[in-house]
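A short write-up of the structure that comes next.
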Amino acid sequence: MSLLSAFRQLSLNPRPASLLIRPLLSHQQTRFATKFAPTFVRHPRVHKGRAPVPIGGSIKGTALNFGEYGIRIKSEGMRISAKQLQAAETALKRKLKPLKGSKVWMRVFPDMPVCVKGNETRMGKGKGSFEYWACWVPTGRVLFEIAGEPGGAELRPELAREALRLAADKLPCIVDVIDRSSPHRLGSLDIHRPKNLVGKSSINGEVASVATADGELQLRVGGVRGLQVLGVEKSKSEDVVQ
């Protein structure tokens, strides 16, 4: 058989259009590898950073805003990865699954890319490649909040504390279980806001009180001047927040 006759036996069939159009691997598709990742990133590599310290007296994000119970970081500020937050949220949802209509809120979001270089690598030659998403969480920041269905079954305190305990086991930090009656926190101090504020202005912010061993210490929270001590008043109550 000659070479020409061998080519004549070959048949060329057109390929279907579905095989010709292949989806390209884009950045948006790789983003859905985990839902704990930002949709848009301006800088793919950032500095390592450190845990923020509220030197201006800010107490934002240290109390419950949505749920009935929650966990708040008690130890020093640290970096928490997206996998750790996802494991904690999964533990919460699995424990609260029998309670119909229960909700879980995550108050922090891992939007900082962490880059890692290989072991025994010489210094220089640029930053390492992307490894995972993480976020810096300061002391006193609320991590998760949970609540039952509005107008439905009530979330019992025993069930809430057990669910939050399971979530705390997945996190690398020490946390506190808080509820609606828990005060705001500034570092390691509990900030008790009185109902009738003594002083309030657009420049100096508002006055709050802190329970200490000597009495009640009034602080001016927020504003341009930041944290300002106003005075100490002896407290008649026996409950002292440590």
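Residue numbers (full-length UniProt numbering): 1 to 242. Built from N, CA and C at the ideal position, the CB exists for glycine as well.
Alpha carbons only, please: which of Ile191, Val142, Lys170, Leu155 is nearest the one belonging to Ile71? Val142
Checking 9 Å against the spacing of the C-beta atoms, do Ser188 and Thr139 come in under that value? Contact flag set, yes.
Please classify Glu162 as buried or exposed, where buried requires at least 16 neighbouring CB atoms within 10 angstroms. exposed
C-alpha distance - Val175 paired with Val137, whole-angstrom precision: 12 Å
Which of the three DSSP states is assigned to Ala37 in this structure? coil
Over what stretch of residues does the beta strand (DSSP E) that includes residue 243 continue unbroken? Absent from the model: residue 243. The displayed extent of the chain is 1 to 242, so no value can be given.
The beta strand (DSSP E) enclosing Arg107, as first and last residue numbers: Here Arg107 belongs to no beta strand (DSSP E), and DSSP marks it neither H nor E.
Alpha-carbon spacing of Arg22 relative to Ser5, whole angstroms: A caution first: Arg22 carries a pLDDT of 47, below 50, which makes its placement in the model too unreliable to give a value.
Check whether the Cβ of Pro38 lies closer than 9 Å to any Cβ atom in chain D. You won't find chain D in this structure, because it holds only one protein chain.
For Asp179, I'd like the list of residues in its chain whose CB is within less than 6 Å of its CB, leaving aside the five on either flank, ordered along the chain. Tyr69
Check the C-beta distance from Ala91 over to Leu155 and give it rounded, since I have them as a contact under 8 Å. No, Ala91 and Leu155 are not in contact; Cβ-Cβ is about 16 Å, not under 8 Å.
Please say whether Leu186 and Ile59 have beta carbons closer to each other than 9 Å? yes
Short of 7 Å in beta carbon distance, which residues of its chain neighbour Cys115, apart from the five on each side in sequence? Order them along the chain. Hits under 7 Å: Arg45, Lys127, Gly128, Ser129, Phe130, Glu131.
So, with DSSP's three-state summary, where would you put Glu158? helix
Using three-state DSSP, classify Arg72 as helix, strand or coil. Note: Arg72 maps to strand in three-state DSSP.
From Pro98, Ile80, Asp111, Arg107, residue whose alpha carbon lies closest to that of Lys170: It is Ile80 whose Cα lies nearest to the Cα of Lys170.
Cβ of Phe40 within 9 Å of Cβ of Phe109? no
If we count the other Cβ atoms within 10 Å of its Cβ and call it buried at 16 or more, is Gly101 buried or exposed? With fewer than 16 other Cβ atoms within 10 Å, it is exposed.
Cys173 versus Leu96: straight-line alpha-carbon distance, rounded: 22 Å
Classify Ser5 as helix, strand or coil using the three-state DSSP reduction. helix
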